[in-house]
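The listed protein sequences derive, respectively, from chains B, Z, U and P.
The numbering used here puts the first sequence at residues -5 to 150.
The numbering used here puts the second sequence at residues -5 to 150.
The numbering used here puts the third sequence at residues 23 to 434.
The numbering used here puts the fourth sequence at residues 23 to 434.
C-beta atoms are modelled at their ideal positions from N, C-alpha and C, and glycine is treated no differently.
Here's the structure, in structure tokens; my notes come after.
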Amino acid sequence: MGLSRLDNLYRQMILEHASHPHHHGTLENADHQLELRNPTCGDVLTVQVVMQAGKVSDVAFSGSGCTISQASASMMTDEVIGKTPIQVEQMVMTFSKMVTGESTKNVEEILGDATILEGVAQFPARIKCATLAWKAIYQAIENGNKESTIGFMRHD
Amino acid sequence: MGLSRLDNLYRQMILEHASHPHHHGTLENADHQLELRNPTCGDVLTVQVVMQAGKVSDVAFSGSGCTISQASASMMTDEVIGKTPIQVEQMVMTFSKMVTGESTKNVEEILGDATILEGVAQFPARIKCATLAWKAIYQAIENGNKESTIGFMRHD
Amino acid sequence: MAKKMNNLSEDFPILQQKVNDEQLVYLDNAATTQKPRAVVEAITNYYYHDNANVHRGVHTLAERATAQFEAVRKKVAHFINASSEEEIIYTKGTTEGLNWIAASYGETFLKPGDEIVISYMEHHSNLVPWQNLAKKKGAVLKYIDLLPDGQLDMDSAYKQITDKTVIVSLAHASNVLGAVNPIAEVTKIAHLHGAIMVVDGAQSTPHMKIDVQALGIDFFAFSGHKLMAPTGIGILWGKSELLDKMPPLEFGGEMIDWVQLQKTTYKKAPWKFEGGTQNIAGVIGLGAAIDYLESIGMENIASYEKTLIANVLPEMLNIQGIEIYGPLDPEKRTGIISFNLKGLHPHDVATALDMEGVAIRAGHHCAQPLMEYLNVAATARASFYVYNTVADGKKLIEAIKATKEFFNNGIV
Amino acid sequence: MAKKMNNLSEDFPILQQKVNDEQLVYLDNAATTQKPRAVVEAITNYYYHDNANVHRGVHTLAERATAQFEAVRKKVAHFINASSEEEIIYTKGTTEGLNWIAASYGETFLKPGDEIVISYMEHHSNLVPWQNLAKKKGAVLKYIDLLPDGQLDMDSAYKQITDKTVIVSLAHASNVLGAVNPIAEVTKIAHLHGAIMVVDGAQSTPHMKIDVQALGIDFFAFSGHKLMAPTGIGILWGKSELLDKMPPLEFGGEMIDWVQLQKTTYKKAPWKFEGGTQNIAGVIGLGAAIDYLESIGMENIASYEKTLIANVLPEMLNIQGIEIYGPLDPEKRTGIISFNLKGLHPHDVATALDMEGVAIRAGHHCAQPLMEYLNVAATARASFYVYNTVADGKKLIEAIKATKEFFNNGIV
Ligand SMILES: Cc1ncc(COP(=O)(O)O)c(C=O)c1O
Ligand SMILES: Cc1ncc(COP(=O)(O)O)c(C=O)c1O
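Okay, structure coming up:
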């Protein structure tokens, strides 16, 4: 039956992250923050980052969304803590390649648990849900905004 | 050979009217005048009318155009002289029906020599060329303009 | 009835396919509809026999193309009961039609302080053009409230439409709630205050007999692709006396009467609005779609869809944890059913249903202010058309139940 | 070369027909072109397998449609060598593209007293939008002269383009004279004076390799239907940094980022310009047409057409009483040949040729100021494409001769 394929997308760990997301909430002392909207469904995600000694020391996200976007955000927050902006950038690139089905190296090493989202590649309509949080943190760090700004999600 | 069909359109009398059009020129004392443009080709025709005792007493046309439009204009001028506005209207309607292939009564009686243009019905792209002069005189009389105005040719 | 309803799907090759190993059940008709063979073949036939540019040509193909192109204009006039085919303007779709009214009529006649009245249920295409116009002109954009079941609140309509109102613009049928609005009644209010009445017919024209004269309205826009016609073709209807007063917007091509170096005169409506080469094959396809719809009969389509909904809706309401938006009485709605399942995001629902072969949509449906009004981030939306069957409805219900099961228990 | 030129017509079912009992010779390609089977089948295939609305959908068909729709954008970018597919905007055609530049860029950046420079050979679609813009903004519309053989007069270009010039807009190739304009050279002049360079590519894109970056220009518009693609689809290309500064014109649908009751934010270019459901099947067909053209090779098409013209033109010039407008050197022109026969109106010529199966156009070709400049009421125009052959050219010559005979002697 058709639904059995869903297991490829909604792995147990993903469902758990979605129902009990890590680092969900807001930070008082964020150095960077950014609001990003998924143009397909209108879901909004806000990511806040605290940097210390050139590394991400704390991170939080808020906003509602689907299972994939919530789980992806939750996993992202777990993985970026302790990373430098350059490392985060590499993670975002790797993640983006993974979920669009492009081949890329050392995925597990770079993405850790978030590798479990690779099943999204078989669900092209959900790629944007998965990448939302990653694009948000990338733009947040890059723009260096203390004030909340609204970022752009590329359309394609 | 394909060209032989042209005889249906370009009857000898039509070619003669086109090369030596009747009432071609301008009138000094026109009661009504109107300029009409064939939207397909940009040809322009000006028709002038003098009325006397409720009848067309003189008429002239000017402007360049194709064989069909020149011949049709020339024949029109021959036929409308001495007619009342109501008669002219009937002629214009009858002519329009004839060249679009609609059935209508007493065509020869109403249109006289201009009946020879009935072959136009087989050349739909040329209907506008044939009707230009007739629509011009109809609008000229109806609008009652002493000043030259520009009329509208219906698009279809 | 020339056609048997339950066999219609045979006319649609796309419906005879499996998606994710399951028979396709296409329930995304509010987004776009599928095309019967007759429409696709009309396009093919046009390109294989008659293709030429219209109006300007003397040769045989050009004449054939022009005759067909203009014949469809007459057909459309008859289809919506316009008083003349000269009131029928070819557009790209509903969005372009509504934008043109705003950009031509609106920019010409609106003054600072004037009011434009729309409702909370409008599609962005019948909202943002007015918002933009209001901002440009210093006018005020006002919203008519909805009743709790999603119907237009007529008390609010009476309050919002005032002597300052210049334009009232409403969806004939909502693309989210399925609600059908009492256009004739609102039009009377609008006209009482000297305002014009614009109607977004994108979601009504495919599903019911339209009579623009009986509605008493001033403008009406709809899209071909939502009624089995090709993409890229739509219709803007307007009353002749209004069209005559409106400036054209796209200059060039057949809309022109006479061009001088510093001055141009234009043709009459509708041609003055049709700048450049039109979507001729789209027009031909639209004609074939109207023929197809009329061979069934718009009244028959409407009543068949009502039966379908009367069948599906109670079963959906029986699903635990479901919330359905819009009126529940089949007499007051079209075949669009927006819903949410408790604790599940509509995006996840749509993905799950897709695995079952059931194509629905999830999101804001280009109606973000309505989402806010309903206090939801998004909804799932199943939308039926005349080729759907009771069996399709059953499959939808089953798939929704299986989806709930999957997400609640993590198993299939 | 993957395809043999002399067999191309087999790919075009419409060309395999008789018209007025004579084999059709279609020489009205400047008006619109015929479609190869590959293009029509791409449309059919889309409607029979993948049709859905793009961008908004989660289900399988929507995903397929979106992927194809966006893939064509990449293909077009490559076809005209744009630096990114984000510079490729889908339009209805050239006319819409040029109008959008005038209405968006022009209305935003033009000030009273500014100058717009075009030429006497422009199609109304590249003339009336600027005329209208100039009138609205209190700007001045100026014309570059032509040389006696119909080529752009570069001395005049140097004179007309000044520091007051804000926009220069020229046809890449004339639809009457066949002349190909030295766009790169004019662009340098325009840029020297701080003006932007707009190019009407309607008559060049079908016939030669386009490289918008090599031309150095700022905007480029063309129509699908003139290069074997469906009607109702065209492309507007613009430099990203300009598109980013331009306001959208048609509001609603996928061009939107976030809509609030009184305020809306838009997507980035190109999507912000694409309001409403696009001509999706038209886009798919455009992709198939580009594939077909590239399977021949744009350079091969250009050189084949030059050979064809080099063959036909001298024979036409030999006809007594013929006047040909435009440059006579095949290196300086496309396959458009406008002509008149002494004492004969072009309308009569076109009707006569149609009786011989030869489809040409007669009229002002939407270039009334050029007609005035040439001091003619109208011209006949034969226009060739890559599926035409030397035999088609011969048939044209014969038919012209027979026409002369008929009208001069009243006999066939
Ligand atoms: C030079 C030129 N520009 C613009 C156009 C307008 O193209 P379209 O009618 O496809 O918008 C044409 C074709 O008619 C043309 O030949
Ligand atoms: C109610 C309503 N209005 C307008 C539109 C816009 O139609 P289109 O995208 O065909 O321009 C739609 C469809 O998306 C709609 O449902």
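Asked                                                                                                                                : Found
Within chain Z, partners of residue 345(P) - CB distance below 7 Å                                                                   : The premise fails here: residue 345(P) is roughly 16 Å from chain Z at the closest Cβ pair, so nothing lies under 7 Å.
Any non-hydrogen atom of ligand 1 closer than 8 Å to residue 274(U) Cβ                                                               : yes
Rounded C-alpha distance that separates residue 8(Z) from residue 105(P)                                                             : 60 Å
Distance cut-off 8 Å: residue 311(P) Cβ against heavy atoms of ligand 1                                                              : no
Of the listed residues 188(P), 382(P), 170(P) and 45(P), nearest to residue 78(U) (C-alpha basis)                                    : 382(P)
For residue 5(B), three-class secondary structure by DSSP                                                                            : coil
Interface residues of the segment 34 to 48 of chain B facing chain P [CB-CB below 9 Å]                                               : 34, 35, 36 and 38
Three-state secondary structure (DSSP) of residue 77(Z)                                                                              : coil
Any chain U beta carbon closer than 9 Å to residue 1(Z)                                                                              : no
Any residue whose CB is nearer than 5 Å to a heavy atom belonging to ligand 2, listed in chain order                                 : 115(U), 116(U), 117(U), 145(U), 147(U), 193(U), 197(U), 222(U), 224(U), 225(U), 245(U), 275(P), 298(P) and 299(P)
Range covered by the beta strand (DSSP E) that runs through residue 255(P)                                                           : Segment: none, residue 255(P) is in no beta strand (DSSP E) and carries neither H nor E.
Contact test: residue 201(P) Cβ vs ligand 1 heavy atom, cutoff 8 Å                                                                   : no
Any 3 or more C-beta pairs closer than 8 Å across the segment 124 to 132 of chain P and the segment 94 to 110 of chain P             : no
Contact check, residue 186(P) vs residue 162(P), beta carbons under 9 Å                                                              : yes
Nearest candidate by alpha-carbon position, reference residue 174(U), set 155(U), 304(U), 348(U) and 362(U)                          : 348(U)
Neighbouring residues, chain Z, relative to residue 54(P) (Cβ below 9 Å)                                                             : Near residue 54(P) there are no residues of chain Z at all, since even the closest Cβ is about 16 Å away, more than 9 Å.
Status (buried if at least 16 other CB within 10 Å, exposed otherwise) for residue 160(P)                                            : exposed
Contact under 9 Å by Cβ, residue 18(B) with residue 54(B)                                                                            : yes
Closest by C-alpha distance to residue 22(Z), when choosing among 104(Z), 44(Z) and 2(Z)                                             : 44(Z)
Proximal residues of chain U, C-beta to C-beta of residue 119(Z) below 9 Å                                                           : 79, 80, 81, 82, 84, 85 and 88
Any chain U beta carbon closer than 9 Å to residue 132(B)                                                                            : no
Distance, residue 304(P) Cα to residue 273(P) Cα                                                                                     : 21 Å
Chain-order list of residues whose beta-carbon lies under 8 Å from that of residue 142(P) (same chain, five-residue window excluded) : 165, 166, 167, 168, 391, 392 and 395
Assigned secondary structure, residue 167(P) (DSSP; H/G/I helix, E/B strand, else coil)                                              : coil
Residue 409(P) (DSSP reduced to helix, strand or coil)                                                                               : coil
Close Cβ partners of residue -4(Z) (< 8 Å) along its chain, the five nearest in sequence each way excluded                           : none
Member of 43(U), 45(U) and 34(U) whose CA lies at the smallest distance from the CA of residue 63(U)                                 : 34(U)
Inter-residue spacing [alpha-carbon to alpha-carbon] between residue 434(P) and residue 130(Z)                                       : With a pLDDT of 42 at residue 434(P), under the threshold of 50, the modelled position of that residue is not reliable, and no figure is offered here.
Complete runs of the alpha helix (DSSP H) confined to the segment 351 to 425 of chain U [at least 4 residues]                        : 368 to 377 and 390 to 396
Sheet register partners of residue 201(U) (DSSP bridge)                                                                              : 355(U)
Residues from the segment 370 to 392 of chain P in contact with chain Z, defined by Cβ distance under 7 Å                            : 370, 373, 374, 377, 378, 379, 384, 385, 386 and 390
Below-9 Å beta-carbon distance, residue 150(Z) vs any chain P residue                                                                : Here the model assigns residue 150(Z) a pLDDT of 39, short of 50, so the residue's position is not dependable and the matter cannot be decided.
Residues near residue 223(P) in its chain [Cβ-Cβ closer than 7 Å; skip 5 each side]                                                  : 194, 232, 242, 243 and 244
Supposed contact pair residue 208(P) and residue 179(P) - C-beta distance, whole angstroms, cut 8 Å                                  : 6 Å
Opposing strand residues paired with residue 185(U) [DSSP bridges]                                                                   : The partner list for residue 185(U) (beta bridge, DSSP) is empty, contrary to what the question assumes.
Own chain partners of residue 265(P) with C-beta closer than 6 Å, once the 5 adjacent residues on each side are dropped              : 291
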